[in-house]
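Top to bottom, those sequences are chains A and B.
For any residue, its number in our numbering is found by taking its place in the first sequence, counting from 1, and adding 60.
For any residue, its number in our numbering is found by taking its place in the second sequence, counting from 1, and adding 1.
Glycine included, C-beta positions come from ideal geometry on N, C-alpha and C.
For reference, the structure discussed in these notes is given below.
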Amino acid sequence: DTEVTQTPKHLVMGMTNKKSLKCEQHMGHRAMYWYKQKAKKPPELMFVYSYEKLSINESVPSRFSPECPNSSLLNLHLHALQPEDSALYLCASSQGGGLEETQYFGPGTRLLVL
Amino acid sequence: GENVEQHPSTLSVQEGDSAVIKCTYSDSASNYFPWYKQELGKRPQLIIDIRSNVGEKKDQRIAVTLNKTAKHFSLHITETQPEDSAVYFCAASISLRGYSTLTFGKGTMLLVSP
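The following block contains the structure:
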């Protein structure tokens, strides 16, 4: 089963709110990724976790805070966001063996910051 | 870092025609080349991929070719159908210890008219 799930599907938040996005996979994958996608653009990598350790942070502002509680779960904590942070946030996972790995995407959370 | 160029940005064909999308990449360390289809409001979905030791791969109406020397790879869709209408992204992947990185092209919007 190549399924990555994400909650919530939609989120509207004010600039002073704190919210979290959740991602889950049960494929035994050990690498998990957060991407941001604006309309009519390709996904942009934000963070990579490998074996529950943060491996890449693509210079993402600190108002985005990732967390990997275990090998199946990935969270993205949001605080004091700006309207330009409105986008589709995609989670992905891959095996973690590091050899020609397929990344499987979740359905995304569509975020609107007011 | 890796740079992926994708052409054309839009492609309109009649049902039954063939469609070809071309990509180039810059980093010879890239060793895996997936293609994703993204319908409006949905997740990127892997449709075919090719590894660096293979020159061509076919799956029913979809085929991908890779020329490592020229750093080119292409997606071919034959007998197009209206349900093929979507945005297609090529990507080049570099495998690292425990995860991979994906660099996407800017996408091709394919419109198949009945």
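Where the beta strand (DSSP E) through residue i begins and ends
i: residue 102 of chain B; result: 100-105
i: residue 95 of chain A; result: 91-97
i: residue 46 of chain B; result: 46-52
i: residue 120 of chain A; result: Element bounds for residue 120 of chain A: n/a, residue is neither H nor E.
i: residue 65 of chain A; result: 64-67
i: residue 86 of chain A; result: No beta strand (DSSP E) contains residue 86 of chain A, which DSSP labels as neither H nor E.
i: residue 89 of chain B; result: 87-97
i: residue 150 of chain A; result: 147-154
i: residue 172 of chain A; result: 169-173
Neighbour list for residue i in chain B, Cβ cutoff strictly below 9 Å
i: residue 90 of chain A; result: 99 and 100
Whole-angstrom distance between residue j and residue i, CA atom to CA atom
i: residue 164 of chain A; j: residue 96 of chain B; result: 15 Å
i: residue 153 of chain A; j: residue 64 of chain A; result: 7 Å
i: residue 72 of chain A; j: residue 100 of chain B; result: 32 Å
i: residue 157 of chain A; j: residue 14 of chain B; result: 40 Å
i: residue 79 of chain A; j: residue 135 of chain A; result: 10 Å
i: residue 56 of chain B; j: residue 141 of chain A; result: 45 Å
i: residue 169 of chain A; j: residue 75 of chain B; result: 30 Å
i: residue 73 of chain B; j: residue 74 of chain A; result: 45 Å
i: residue 84 of chain B; j: residue 130 of chain A; result: 38 Å
i: residue 88 of chain B; j: residue 111 of chain B; result: 6 Å
i: residue 59 of chain B; j: residue 132 of chain A; result: 33 Å
i: residue 17 of chain B; j: residue 26 of chain B; result: 30 Å
i: residue 35 of chain B; j: residue 82 of chain A; result: 25 Å
i: residue 102 of chain B; j: residue 114 of chain A; result: 14 Å
i: residue 120 of chain A; j: residue 49 of chain B; result: 30 Å
i: residue 91 of chain A; j: residue 98 of chain B; result: 10 Å
i: residue 24 of chain B; j: residue 106 of chain B; result: 7 Å
Interface partners of residue i on chain B, CB under 8 Å
i: residue 161 of chain A; result: 33, 94, 96, 100 and 101
Buried versus exposed call for residue i [16 or more other C-beta atoms within 10 Å across all chains shown]
i: residue 161 of chain A; result: buried
i: residue 97 of chain A; result: buried
i: residue 11 of chain B; result: exposed
i: residue 82 of chain B; result: exposed
i: residue 39 of chain B; result: buried
i: residue 126 of chain A; result: buried
i: residue 110 of chain A; result: buried
i: residue 148 of chain A; result: buried
i: residue 94 of chain B; result: buried
i: residue 104 of chain B; result: buried
Interface partners of residue i on chain B, CB under 7 Å
i: residue 168 of chain A; result: 44
i: residue 165 of chain A; result: 44 and 45
Where residue i meets chain A, residues with beta-carbon distance less than 7 Å
i: residue 107 of chain B; result: 102
i: residue 112 of chain B; result: The contacting residues do not exist; residue 112 of chain B stays about 14 Å from chain A at best.
Closer than 7 Å: residue i CB and nearest the ligand ZN heavy atom
i: residue 162 of chain A; result: The ligand ZN is not part of the structure shown, which contains no ligands of any sort.
Proximal residues of chain A, C-beta to C-beta of residue i below 8 Å
i: residue 50 of chain B; result: 162
By the 9 Å beta-carbon criterion, what residues does the segment 104-115 of chain A contribute toward chain B? Correct list: 104, 105, 108, 109, 110, 111, 113 and 115.
Would you list, in chain order, the members of the segment 129-159 of chain A that have their beta-carbon closer than 7 Å to a beta-carbon of chain B? 150, 154, 156, 158 and 159
Would you list, in chain order, the members of the segment 59-72 of chain B that have their beta-carbon closer than 8 Å to a beta-carbon of chain A? none
Residues of the segment 76-93 of chain B with Cβ closer than 7 Å to any Cβ of chain A, in chain order: 90
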